[in-house]
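Chemist:
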Amino acid sequence: MIRRMAEDRKEEVRRATDVVALVQRYLPLRRSGRSWSACCPFHQERTPSFHVWPETQRWKCFSCSRSGDAFAFLMEKEGVEFPEALRMLAREAGISLDPPDPAAAAAAKAKDAAYGAAAFACRWFQGNLKGSPGAAYLKSRGLTGETALEWRLGYAPPGWDGLLQAARGEGIPEAALEAAGLVVPRRGGDGFYDRFRDRVIFPIADTTGRVVGFGARALGDEQPKYLNSPDSAVFQKGRLLFGLDRAREEASKARTLCVMEGYMDVIMSHQHGVRTAVAGLGTAFTQEHAALMRRFADRIVLVYDADAAGKNAADRALGVLLEADLDARVAVLPEGKDPCDLLVLRGPGPLLESLAAAREVFEHLLAGTAARHDL
Ligand SMILES: [Zn+2]
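Here the sequence shown is numbered in this note's numbering, starting from 58 and rising by one per residue.
(1) Which ranges would you report for the alpha helix (DSSP H) in the stretch 212 to 249 if only whole runs of at least 4 residues count?
(2) Cβ of H108 within 7 Å of any heavy atom in ligand 1?
(3) Helix, strand or coil: which one does DSSP assign to T264?
(4) In the DSSP assignment, find the unbroken alpha helix (DSSP H) run with G172 in it and report its ends.
(5) Quick test of the definition: if touching needs 3 or more C-beta pairs under 8 Å, does the stretch 179 to 191 touch the stretch 256 to 274?
(6) Give me the Cα-Cα distance between I229 and I261, rounded to the nearest whole angstrom.
(7) Classify R373: buried if its beta carbon has 16 or more other beta carbons within 10 angstroms, exposed otherwise.
(8) Return the residue from the list Y212, G211 and L239 that minimises the CA-CA distance to L221.
(9) Check whether the Cβ atoms of D251 and G219 sit closer than 8 Å, and answer yes or no.
(10) When the distance is taken between beta carbons, is H100 closer than 8 Å to R312?
(11) Using only Cβ atoms and a threshold of 5 Å, which residues come within that distance of a heavy atom of ligand 2? Order them by chain position.
(12) Starting from L284, trace the beta strand (DSSP E) in both directions and tell me its first and last residue.
(13) On the DSSP bridge list, what partners appear for R88?
(14) Threshold first: 3 residues or longer. Then list the beta strand (DSSP E) segments lying entirely within the stretch 356 to 393, N to C.
(15) Which residues bound the beta strand (DSSP E) around T313?
(16) Can you tell me whether R403 is buried or exposed, with buried defined as 16 or more other CB within 10 angstroms of its CB?
(17) How many Å lie between T40 and I152 at the Cα?
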């Protein structure tokens, strides 16, 4: 019953949408016979092989073979999942998708409030960066002010309720802060305290750039060194990649993503023009990660530190990528350097060389075997 209603809505939105008009907003379509054509937005080309047919309301690229309907185009172009594509087109067509079920409506409302709290916290952390120990740390690692701004980096001051107080002033409910993982209930059950204190803040966004969580690096000896938002309705580590919102456009063109270990590695790579870099969120790679990457890339280059921990992490990730039938490669960096340090010390040259020389999995495994047996 519910499924049939969802199908009806989908059809209603499809009927109300003109795929030619939709595509035209992104590409300069030219009439060519019964179709409209342009250079394909999903691979690099000089002569147009991307066509849209008004009659069938479908599109296809004869070069890279991608094809689909209005929903599929939006999913590819905006990097969103089907439900979000449906919402976007429904909104434009003036069709309401509001769930009739009150429990689902309440959950959707709570989720919206959590997104709002995360957006507020992001701005607040950002506003605290200037002149802070966090800014000093970022500068010491070689980050420019422009980069910090682009990545919306921030600082969570010491103290237990800075964010709580600021949010209260803005009328943001504590429940929304808690749902976004920003505050922790006090042990006595009496109120909350700030989760992130005296840490550099790395906002983590979904593919559309909406902030859904945070990575926070300690400045002193506090453990853990990196503290991430806990999983919640709006933040699932198994489905997110740090930096993908900024890397996806370049990745779609190059059909390649470079997966690194740390947030600083990713940010520094982008600062040096390597704009296909992303990172996991400190958890093991999942099939959902692989599916997410496949939307933007066919080739995945794992960039890991040359140490044993780095190699183990690469081997584990490889298993997942191979299972997903992705072209997985391993780039080995010069001994003892992470991408961030390497970039600061020697510019993008050595990293680009390592990426270009990335080994296919078979060679990588063979090299590992050879090292173990001292061949
Ligand atoms: Zn194409």
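All C-beta atoms, glycine included, are put in the ideal place defined by N, C-alpha and C.
Quick caveat: nothing in here was measured; it's all calculated off a predicted structure.
Modeler: On the basis of the coordinates in this document:
(1) The qualifying runs are 219 to 226 and 231 to 236.
(2) no
(3) coil
(4) In the sequence on display, residue 172 carries Tyr and not Gly. Element bounds for Y172: P159 to G184.
(5) yes
(6) Their Cα atoms are separated by approximately 20 Å.
(7) exposed
(8) L239
(9) yes
(10) yes
(11) The model on display carries ligand 1 but not ligand 2.
(12) Y283 to N285
(13) BP columns for R88 point to W93.
(14) 356 to 361 and 384 to 389
(15) It spans T313 to M317 - the beta strand (DSSP E) in which T313 sits, taken as one unbroken run.
(16) Answer is exposed; the Cβ neighbour count stays below 16.
(17) As shown, the chain starts at 58 and ends at 432. That puts residue 40 outside it, with no answer to give.
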